[in-house]
Each structure stands twice: as C-alpha cells, then as structure tokens.
Amino acid sequence: MLSTAKAWEHELEALHQRLGELFGCPEPRQRSLAYLKGLLGTVERKNGWQVAEWIGEATPDSVQHLLERAQWDADAARDVLRELCC
C-alpha cells in the first residue's frame, strides 16, 4: 500500500512539474501542488474552504485566488492533460 502511495505521489509531482511551468509566478505554482494534494487527500468535501484548511491556510482566499485570478495558460494545461489520457 505504501509503495502505491509513493508511486501516486511521484506521478502527481511529475504532473505538477509539467503544469507548474504554465504559471507566471512562483506562489501560484507552489500553491497549485498543495491544492492538487488536497483534492487527492482525505478532505471530506472538496470545496475551497476545506481544501484550504487541509493545506494549512487560515482562509480560502489563496485557493480562490489560484482558481479565479492566478495567471496561467489554460490551453496549454488542457494540452498536457490531453497527452496523458489520450
């Protein structure tokens, strides 16, 4: 079980390495990895507030900023994800 979890973590970090390049600033790049881990983690409800708490944020502001206002190339992200699943 632990080896499976480590493999998933490795794959998540590899995916994030590719997607992280699409962010213009380092802060959203780092927060995006924490957000992905929150989505895959033990958070009971996957809303902005609970994911933010799970990643150690006091409020959901940083998660909301990541999802709503952070600068990133959505078309390039789509292309990366398409390569992985098609």
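The sequence shown begins at -2 in the numbering used here and counts up by one.
A virtual CB, placed ideally from N, CA and C, is assigned to each residue, including glycine.
Less than 7 Å between the C-beta atoms of G38 and W46, yes or no? For the purposes of this step, residue 38 is taken as the residue at position 41 of the sequence shown. For the purposes of this step, residue 46 is taken as the residue at position 49 of the sequence shown. G38 is not a Cβ neighbour of W46, given a cutoff of 7 Å.
Delimiting residues of the alpha helix (DSSP H) encompassing V48: Here residue 48 is taken as the residue at index 51 of the sequence shown, counted from 1. Its alpha helix (DSSP H) spans residues G45 to W51.
Inter-stretch contact at 8 Å, needing at least 3 Cβ pairs: the stretch 28 to 38 / the stretch 57 to 65: Two segments are said to touch when three or more pairs of C-beta atoms, one from each, lie closer than 8 Å; by this definition the stretch 28 to 38 touches the stretch 57 to 65.
Between R15, G17, R28 and E18, which lies nearest to G53 when the distance is taken from Cα to Cα? For the purposes of this step, residue 53 is taken as residue 56 along the sequence shown, with counting starting at 1. Measuring from the Cα of G53, the nearest candidate turns out to be R28.
Ends of the alpha helix (DSSP H) at G35? Here the question's residue 35 lines up with position 38 in the sequence shown. Unbroken alpha helix (DSSP H) run through G35: P23 to L37.
Taking the alpha carbon of G21 as the reference point, which residue from E80, L63 and L78 has its own alpha carbon closest? Here residue 21 refers to the residue found at position 24 when the sequence shown is read from its first residue. Ranking E80, L63 and L78 by Cα distance to G21 puts L63 first.
Use the C-beta contact count for R26: other C-beta atoms within 10 angstroms, 16 or more gives buried, fewer gives exposed. The residue labelled residue 26 in the question sits at position 29 within the sequence shown. Its Cβ being crowded by 16 or more others within 10 Å, R26 is buried.
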